[in-house]
Every structure is written in structure tokens, then in C-alpha cells.
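Chemist: In my numbering, the protein residues as written are 14 to 93.
Right, I'll just put the structure down here and ask away after.
This is the structure in C-alpha cells:
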């Protein structure tokens, strides 16, 4: 599983990163995680609102920090 948070380091970007790490720890799952802060790379995804969350290349959220239960649902679906 590949998880990316796109955002230049705003408080919500850090909150989303922290929440994802908590969920992965609780579920005892490993993932390739990357926090993308380079504006040019973020622009390649067409993201105008941060933070944005991609799981396995699929945009799951943008401009918001999903709650923990939503993240758990998405990650469980992807991890099978």
C-alpha cells in the first residue's frame, strides 16, 4: 500500500500525517508513506486544496482531515 499526503506543511497536513501513522499502528499495517511538500509535484496531481490524501494513487480526500474511522475504513478496504 502506498499512502501520500500532499501539502506544504500546514497544520492540517501535519495532523493528517499523524492520524495516518496512528491508524497504521493500530491496524498493525505497513505502508510506503510519503509526505509530498514540493509544490511542483503537488501541482502535477492537480491539487489546489491541502492537505490531500492519496492511497494507492487514488485521491481519497482534499482540503480536509478525514476522521480516524474514515481512514480506518479506507485503509482496510485497500489492504484487503
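The C-beta atom is built at its ideal place from N, Cα and C for all residues, glycine as well.
For residue 86, name the three-state secondary structure that DSSP assigns.
Modeler: helix
Chemist: Could you check the C-alpha separation between residue 65 and residue 21 for me, to the nearest Å?
Modeler: Between residue 65 and residue 21, the C-alpha separation is close to 10 Å.
Chemist: Is residue 42 helix, strand or coil by DSSP?
Modeler: coil
Chemist: Between the region 55-65 and the region 18-33, can you find at least three pairs of beta-carbon atoms closer than 8 Å?
Modeler: The region 18-33, when compared against the region 55-65, does touch it at the 8 Å Cβ threshold.
Chemist: Go to residue 16, then tell me how far its beta strand (DSSP E) extends in each direction, as first and last residue.
Modeler: 15-19
Chemist: Of the choices 52, 33, 53, 58, whose alpha-carbon is the least far from that of residue 44?
Modeler: 33
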